[in-house]
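For the protein sequence lines, the chains are U and F, in the order given.
Anchor point for the first sequence: position 381 equals 381 in our numbering, and the numbering is continuous, going up by one each time.
So the number in our numbering is just where the residue sits in the second sequence, counting from 1, plus 550.
Where a beta carbon is used, it is the ideal one built from N, C-alpha and C, also for glycine.
The structure under discussion appears below in the form of structure tokens.
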Amino acid sequence: MHEHFGILLVLGICAFLGMLGASFFQKIKVPQVVGYIVIGLIIGETGLGIVNARHIATLQPLVYFSLGIIGMLVGSELQISEFKKYGKQFAAILFGEGLAAFIIVGIISGLVFYKLTGSGSMAVAAAVVLGAIASATDPASTISVLWEYRSKGILTTALIAVVALDDALAMTLYSLGKSVATIIAGGSASPLHEMAMVAVSIGGSLVIGAGAGFILNLLLRNIPEKENALAFSICTLFLVVGLSVSLDMDVIISSMTMGFVLTNLAPKRSEILFKMARGMSIPIYVLFFVLVGARLNMRIIPGWVWGLAVLYVVGRSSGKFFGTWLGAKTSNADPAVRKYCGLGLFAQGGVAIGLSVVAGHNLQGIQVNAEMNLGEAIVAIVTTTTLIVQVLGPPMTKLAIKLAGEIGRNITADDIALKYHVKDSMDVATSFIHEADTIDRVVQVFANSGQSIHPVINREGKLAGIISFESLREILPDRDSWLWLLASDIITQPREMVHPDTPLQEALHIMNSTNSDVLLVADDDGKASTGIIERGQIQSFIRQKLLEEG
Amino acid sequence: MDTELVGGVISIANILSPSRIIFCDDHTKEDVLRNLADVLSKDSRIHNPQELFTAIMHREELMSTGIGLGIGVPHVRLASVDDIVMAVAVSRQPISDYESLDGEPVQIVCMIAANAEQHTKHIKLLSAISKLLKDKNRRDKILAASSPQEVYKIFTG
């Protein structure tokens with residue numbers, strides 16, 4: 001029956017169940033991305049088969065676009081200033097973790113394959129290819145965790161930089177590994193040619209991304225409307241992804257470069273843009289990670305692969321952890337980076353799977369045993385290990401940022417405006433005017449307070465209205481009247497009132513919609529015992545809280 | 551009809567009419583105010599006479615509207631009033647219980663009712679009346695007038 005499910009229905013099932021799964025995992029304090037992947041496993045090739053190989057093949061363009069969105073948003077997090085400050089550290093960590101994982105997994109894989117096949121050349125071929133694939137880290141799930149938990153700090157910055165640049169290192173190591181494997185196994189290959197192809201791929205991706213970033217920046221200067229700017233950016237991303245796929249370039253590197261160029265050329269303009277893109281990309285993430293889980297087919301994995309997979313995961317994780325530690329130590333990185341960065345690099349996903357698929361094609365002529373060739377073995381191993389690390393990796397990333405104290409530090413003005421209420425930011429000691437006060441007294445109150453409006457209360461202590469400086473101005477020239485006109489003669493009714501428990505965001509929204517900079521604050525009884533709140537007060541409070549909590 | 555300000559100046563001619571000018575010999579402030587409220591209430595711009603009188607008296611409780619020089623300016627702004635409107639009472643005898651700022655007995659009473667939103671016009675009219683009646687000659691002419699038309703001409707002349 002599932003064979004006949006149309007692609008739209010499959011997408012709907014993936015998205016809906018993905019969100020449900022994520023909600024459940026969020027409740028048990030596990031990163032949402034794990035929920036997406038587990039749902040994918042359940043409805044995909046391993047489980048119910050609702051999403052099958054045909055669907056996955058049809059949805060490949062969506063997967064590419066998802067990688068593009070993720071890459072663009074990853075690039076938007078990379079600031080040139082951070083690279084200038086921490087560039088050496090990032091490079092040391094990147095090479096440390098990548099090479100350590102390569103070496104350790106290579107050694108383990110080589111030993112296991114030698115034990116299985118008795119062939120030294122086969123063992124070396126498997127070792128270099130699996131080692132290279134092991135050096136890749138999944139930017140998508142790592143970044144997803146960092147965003148979900150609003151992390152900010154030196155560790156977060158280091159993680160983003162390392163996972164963003166990891167692809168280039170993994171691709172380089174893979175191309176070397178693939179050449180060596182082919183030569184060792186008796187085939188012909190040119191390492192120089194392979195390296196040149198990688199250089200073209202990486203270089204071409206950078207050119208596409210940078211060019212798109214520059215052009216988009218020029219276009220956005222002439223597009224003031226936020227919605228149109230976002231639409232243009234998404235269309236440009238489509239072009240970048242399409243071009244990268246057509247020319248066999250790396251989608252993540254090209255889209256990441258586009259995001260990097262845009263955020264560094266136009267930081268203020270692009271900040272709003274990327275915020276909007278992040279908001280609209282949630283369904284795309286859900287679909288992407290559900291499909292990651294769906295394509296994993298555990299049923300066809302032989303038993304010995306599971307054993308090797310466990311060793312691979314242990315070896316890779318150890319390499320990531322100790323390689324990071326070594327790189328951080330030698331470059332004098334912050335202690336939080338030295339201690340915890342390795343924990344955040346456990347995830348493996350899109351790039352590793354992509355490289356394993358390529359290896360599956362390139363190395364299919366090399367037989368491991370009667371049933372399986374080297375390419376098939378690598379696909380099976382990487383698929384299995386991806387399952388394990390995609391489930392374990394995000395919680396480890398969360399643990400890393402938690403230990404470093406960076407969870408919840410990425411706070412925006414909107415977060416503060418939602419978190420705090422009118423009563424938190426208003427002046428408690430507001431001078432009240434009584435309806436029977438003469439204008440002479442009202443003028444004194446205004447002069448002493450510096451406020452632009454004052455609430456007026458009646459004999460019962462209830463709100464009678466407000467006096468604004470604007471309304472007071474009408475009678476200022478006629479000083480004679482100050483002695484016989486009263487506050488009640490010049491009060492007006494407030495256009496809007498807010499409750500002390502109203503969130504600041506809502507208060508600002510009311511001010512914007514009524515074109516007012518001041519609101520009266522009254523409790524449920526309509527008493528003016530609480531005073532007024534001004535736009536400037538709210539903005540000043542938000543700035544202060546950003547400095548304290550950000 | 552919403553009374554316009556012309557050049558920032560309010561026109562009393564549109565707000566007062568001879569039919570809303572009365573001569574009275576009431577002895578108490580409340581009687582004068584009640585009579586004036588009744589006169590005002592005959593105008594189509596007033597929709598709730600009882601509310602008008604209650605509000606006028608409430609304002610008096612806060613502070614007497616006797617502003618000195620024998621002038622009283624009871625006034626309110628109400629949502630039930632369509633547009634600013636005025637009535638005048640001239641008392642031959644001083645109204646004994648109408649307190650004023652300078653202690654001088656009140657004899658000319660200008661009652662003003664405006665819409666709740668007519669804050670500016672309301673203030674400008676009060677100010678205009680105050681300035682108008684500061685002139686002793688004018689006040690004496692009003693007190694000596696023998697008809698509402700005569701009083702109207704003094705206010706609008």
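- Put simply, the backbone Cα of residue 447 of chain U is about 12 angstroms away from that of residue 468 of chain U.
- Between residue 661 of chain F and chain U, the shortest Cβ-Cβ separation is not below 8 angstroms.
- For residue 291 of chain U, there is no enclosing beta strand (DSSP E); the enclosing alpha helix (DSSP H) covers residues 282-295.
- The alpha-carbon of residue 167 of chain U is positioned some 7 angstroms away from that of residue 137 of chain U.
- Burial check for residue 511 of chain U: the Cβ neighbour count within 10 Å reaches 16 or more, so the residue is buried.
- Under a criterion of Cβ atoms nearer than 7 angstroms, the residues of chain F adjacent to residue 478 of chain U are, in order, 677.
- Residue 639 of chain F counts as buried, since no fewer than 16 other beta carbons sit within 10 angstroms of its beta carbon.
- Annotation for residue 657 of chain F: the continuous beta strand (DSSP E) segment containing it runs 656-665.
- Check the Cα spacing between residue 653 of chain F and each of F:629, F:618, F:706: the tightest is with F:618.
- Residue range 60-76 is occupied by the alpha helix (DSSP H) that includes residue 61 of chain U.
- Using a CB distance below 7 angstroms, no part of the stretch 573-591 of chain F faces chain U.
- For residue 151 of chain U, the closest of U:479, U:23, U:408 by C-alpha to C-alpha distance is U:408.
- The three-state reading of DSSP puts residue 573 of chain F in strand, counting E and B together.
- Within the stretch 602-615 of chain F, the residues whose Cβ lies closer than 8 angstroms to some Cβ of chain U are 609, 612, 613, 615, listed in chain order.
- By DSSP's assignment, residue 641 of chain F forms a beta bridge with F:574.
- At least one CB of chain U lies nearer than 8 angstroms to the CB of residue 617 of chain F.
- For the C-beta of residue 492 of chain U, the chain F residues within less than 9 angstroms are, from N- to C-terminus, 666, 667, 669.
- Inter-residue distance for residue 569 of chain F and residue 697 of chain F is about 11 angstroms (C-alpha atoms, whole angstroms).
- C-alpha of residue 317 of chain U to C-alpha of residue 340 of chain U: approximately 12 angstroms in a straight line.
- Taking C-beta separations shorter than 6 angstroms and ignoring five residues to either side along the sequence, the partners of residue 163 of chain U in its chain run 137, 139, 142, following chain order.
- Under the Cβ criterion of 8 angstroms, residue 625 of chain F is counted among the residues facing chain U.
- Runs of the alpha helix (DSSP H) lying entirely within the stretch 308-383 of chain U and spanning at least 4 residues, in chain order: 335-340, 350-362.
- Per DSSP, reduced to three states, the secondary structure at residue 394 of chain U is helical.
- Taking a Cβ-Cβ cut-off of 7 angstroms, the neighbours of residue 673 of chain F in chain U comprise 474, 475, 490, given in sequence order.
- Membership of residue 12 of chain U in the alpha helix (DSSP H) is indicated by the continuous run 7-27.
- Using a Cβ-Cβ cut-off of 9 angstroms, residue 651 of chain F is close to 483, 484 of chain U, given in chain order.
- In the three-state DSSP reduction, residue 462 of chain U falls in the strand class (E or B).
- Interface residue (Cβ-Cβ distance to chain F less than 8 angstroms): residue 452 of chain U is not classified as such.
- Rounded to the nearest angstrom, the gap between the Cα atoms of residue 92 of chain U and residue 451 of chain U is 56 angstroms.
- Here DSSP, grouped into helix, strand and coil, assigns residue 468 of chain U to strand.
- A contact is defined here as three or more CB-CB pairs under 8 angstroms, and the stretch 45-52 of chain U fails this definition with respect to the stretch 304-312 of chain U.
- Residue 7 of chain U sits exposed, since fewer than 16 C-beta atoms from the chains shown fall within 10 Å of its C-beta.
- Between the stretch 532-547 of chain U and the stretch 497-507 of chain U, the count of C-beta pairs closer than 8 angstroms reaches three or more; the two stretches touch.
- For residue 33 of chain U, the three-state secondary structure derived from DSSP is helix.
- About 6 angstroms separates the beta carbon of residue 565 of chain F from that of residue 634 of chain F, a gap short enough to meet the 8 angstroms contact definition.
- Using a 10 angstroms sphere on the CB of residue 194 of chain U, the tally of other CB atoms reaches 16 or more, which defines it as buried.
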